[in-house]
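Heads up: the structure comes next, in structure tokens.
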Amino acid sequence: MTDCLKSGLYKWAGDARSFNKEVPYIELVTSPNNPDGFVRHSMVNRTGGILVHDLAYYWPQYTPISSPADHDLTLFTVSKATGHAGTRIGWALVKDLEVAKKMIKFIELNTIGVSRDSQLRAAKILEVMTNTSENLGSFDSHESFFKISYHLMAERWQLLRAAVNRSRAFSLPEFTPGFCHFLNQDSQPQPAFAWLKCEDDHVEDCESFLRGNKILTRGGRHFGVGPKYVRISMLDRDNIFNLFVKRLSARSSHDTAERYVLPHDVLSAQRWMWTCCRGG
1 MTDCLKSGLY KWAGDARSFN KEVPYIELVT SPNNPDGFVR HSMVNRTGGI
51 LVHDLAYYWP QYTPISSPAD HDLTLFTVSK ATGHAGTRIG WALVKDLEVA
101 KKMIKFIELN TIGVSRDSQL RAAKILEVMT NTSENLGSFD SHESFFKISY
151 HLMAERWQLL RAAVNRSRAF SLPEFTPGFC HFLNQDSQPQ PAFAWLKCED
201 DHVEDCESFL RGNKILTRGG RHFGVGPKYV RISMLDRDNI FNLFVKRLSA
251 RSSHDTAERY VLPHDVLSAQ RWMWTCCRGG
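Set out below in structure tokens:
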């Protein structure tokens, strides 16, 4: 985005882990991170910097809410909370009043407005999320949007891990569980995206390999890593997600079978040895 805007006020400086200059900076912290789903923290930790925390996926169905979001500048979005992609509505919590005024002015100059349909839909979505969470922990809490979403994500991740574990061809990240203060329970991270790695030495491009098996993904090159990785959405409709797991399971079963199929020359040698032993 910084390169696209071509502003003379700032420029893209790359990965925060390798930033070592004593100059003013803005660090963007995405937590949980997209695409791998891990919780992130500030990496630069120098004076003269501004931290922007992008908490688009910091919701209890995706990751344990370990603490309140108390940062200088925090970004949220409606679509990531519920899976309503394309809503294009979000909000920011800004502690510095002057920074907030500049952000408002930028929005005024940058856009002619937001779709009224999107505003109405977002308002209704937020209303449902709020109303079903007010009595969290009570007898009716099973109707909570976040609890329903949490159990749905848990079920999907269980199905995906079962499919992956049937074969050594793929692997998924392992996450550390934590206590969620919102749901008041121990929770396992279950990100909105699966960061899948192809472990097969004969496959160099995992995205192309899966496309050949009718599974569409987003390759690792889009995220600054190698082609062995792909990002897969966990938020699609039930029928599409179930079809994805079915096709991945079929691929995994095929890979498992191949590991136990002996080459023809080995089988021939075994038959010859058995015949010799029998004849002797």
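Numbering of the sequence shown is given in UniProt numbering, commencing with residue 1 and proceeding in unit increments.
We put the beta carbon where it would ideally sit given N, CA and C, even for glycine.
- Query: Would you call Ser7 buried or exposed, if buried means 16 or more other Cβ atoms sit within 10 Å of its Cβ?
  - Reply: Position 7 of the sequence shown holds residue 7. Exposed, since its Cβ has fewer than 16 Cβ neighbours within 10 Å.
- Message: Counting C-beta neighbours from all protein chains within 10 Å, is the total for Glu174 16 or more, i.e. buried, or is it exposed?
- Response: Here residue 174 is taken as the residue at index 174 of the sequence shown, counted from 1. Counting Cβ neighbours within 10 Å, Glu174 comes out exposed, since fewer than 16 surround it.
- Are the stretch 77-87 and the stretch 95-102 touching by the rule of at least three beta carbon pairs closer than 8 Å? no
- Query: Quick one, are the C-beta atoms of Asp15 and Thr30 less than 8 Å apart?
  - Reply: Taking the sequence shown and counting its residues from 1, one reaches residue 15 at position 15. Taking the sequence shown and counting its residues from 1, one reaches residue 30 at position 30. Contact flag unset, no.
- Report the rounded CA-to-CA distance for Ser208 versus Met234, giving the unit in angstroms. Your numbering for residue 208 matches position 208 in the sequence shown. Your numbering for residue 234 matches position 234 in the sequence shown. In a straight line, the C-alpha of Ser208 is about 19 Å away from that of Met234.
- Message: Which of the three DSSP states is assigned to Phe146 in this structure?
- Response: By one-based count along the sequence shown, residue 146 stands at place 146. In the structure shown, Phe146 sits in a helix (DSSP, three-state: H, G or I).
- Task: Measure the alpha-carbon distance for Arg247 versus Leu160 and round it to whole angstroms.
- Result: In the sequence shown, counting from the first residue as 1, residue 247 sits at position 247. In the sequence shown, counting from the first residue as 1, residue 160 sits at position 160. Each residue's Cα considered, the two are about 11 Å apart.
- Item | Segment contact flag, the stretch 57-70 with the stretch 145-154, C-beta cutoff 8 Å, min 3 pairs | yes
- Message: In this structure, how does DSSP classify Arg46 when only helix, strand and coil are distinguished?
- Response: Here residue 46 corresponds to residue number 46 of the sequence shown, with the count starting at 1. Three-state result, Arg46: coil.
- Looking at Gly90 and Pro189, is the spacing between their C-beta atoms short of 8 Å? Locating residue 189 in the sequence shown gives position 189, where the first residue counts as 1. Locating residue 90 in the sequence shown gives position 90, where the first residue counts as 1. Not closer than 8 Å, so no.
- Query: Do Leu210 and Leu172 come within 8 Å of each other at the CB atom, strictly closer than that value?
  - Reply: On the sequence shown, residue 172 is found 172 positions in, with the first residue counted as 1. On the sequence shown, residue 210 is found 210 positions in, with the first residue counted as 1. In this structure, Leu210 does not lie closer than 8 Å to Leu172 by Cβ.
- Exposed unless 16 or more other CB atoms sit within 10 angstroms - verdict on Ala69: In the sequence shown, counting from the first residue as 1, residue 69 sits at position 69. Its Cβ having fewer than 16 others within 10 Å, Ala69 is exposed.
- Task: Indicate the three-state DSSP secondary structure (helix, strand or coil) for Ala85 in the structure shown.
- Result: As a position in the sequence shown, residue 85 is number 85, starting the count at 1. In the structure shown, Ala85 sits in coil (DSSP, three-state: anything other than H, G, I, E or B).
- Gln190, DSSP secondary structure in three states: In the sequence shown, counting from the first residue as 1, residue 190 sits at position 190. The answer is coil: DSSP assigns Gln190 none of H, G, I, E or B.
- Item | Coarse secondary structure for Asp117, derived from DSSP in three states | By 1-based counting over the sequence shown, the position of residue 117 is 117. Helix at Asp117.
- Task: Starting from the C-beta of Lys11, find all residues in its chain whose C-beta is less than 7 Å away, skip the five residues before and the five after it, and write them out in chain order.
- Result: The residue you call residue 11 lines up with position 11 of the sequence shown. If we look at Lys11 and ignore the five residues flanking it on each side, its Cβ neighbours are Thr2.
- Distance between Ser118 and Ala92 (C-alpha atoms, nearest Å): Along the sequence shown, read from residue 1 onward, the residue named residue 92 stands at position 92. Along the sequence shown, read from residue 1 onward, the residue named residue 118 stands at position 118. Taking the straight line from one Cα to the other gives about 18 Å.
- Put Asp3 into one of helix, strand or coil per three-state DSSP. Locating residue 3 in the sequence shown gives position 3, where the first residue counts as 1. The answer is helix: DSSP assigns Asp3 an H, G or I state.
- First through last residue of the alpha helix (DSSP H) which encompasses Leu73: Residue 73 sits at position 73 when you count from the first residue of the sequence shown. Per DSSP, Leu73 belongs to no alpha helix (DSSP H); it is in the beta strand (DSSP E), 73-77.
- Query: Under three-state DSSP, which class holds Asp236?
  - Reply: Taking the first residue of the sequence shown as position 1, residue 236 is located at position 236. In the structure shown, Asp236 sits in coil (DSSP, three-state: anything other than H, G, I, E or B).
- Task: Would you kindly check if the distance between the Cβ of Val245 and the Cβ of Cys206 is under 8 Å?
- Result: As a first step, residue 206 is located in the sequence shown; it is residue number 206 there, counting from the start. As a first step, residue 245 is located in the sequence shown; it is residue number 245 there, counting from the start. It is not a contact, given that the beta carbons lie outside the stated cut-off.
- Item | Same chain, Cβ closer than 6 Å to Phe19, neighbours up to 5 away in sequence not counted | Looking up residue 19 in the sequence shown gives position 19. The answer, listed in chain order, is Ala13, Val44.
- Regarding Gly219 and the ligand ZN, is the C-beta to nearest heavy atom distance less than 7 Å? As far as ligands go, the structure on display features none, and thus does not contain the ligand ZN.
- Message: Out of Asn184, Ala162, Tyr25, which one is the CA nearest neighbour of Ser133?
- Response: Here residue 133 refers to the residue found at position 133 when the sequence shown is read from its first residue. It is Asn184.
- Tell me the DSSP bridge mates of Leu51? Within the sequence shown, residue 51 is the residue found at index 51, counting from 1. Leu51 is bridged to Glu27.
- Task: Could you name the residues that DSSP lists as bridge partners for Phe179?
- Result: Locating residue 179 in the sequence shown gives position 179, counting from the first residue. DSSP, once it has assigned bridges, lists Asp186 as partnering Phe179.
- Per-residue burial, Ile215 [other beta carbons within 10 Å of its own, 16 or more giving buried]: Position 215 of the sequence shown holds residue 215. Ile215 comes out buried.
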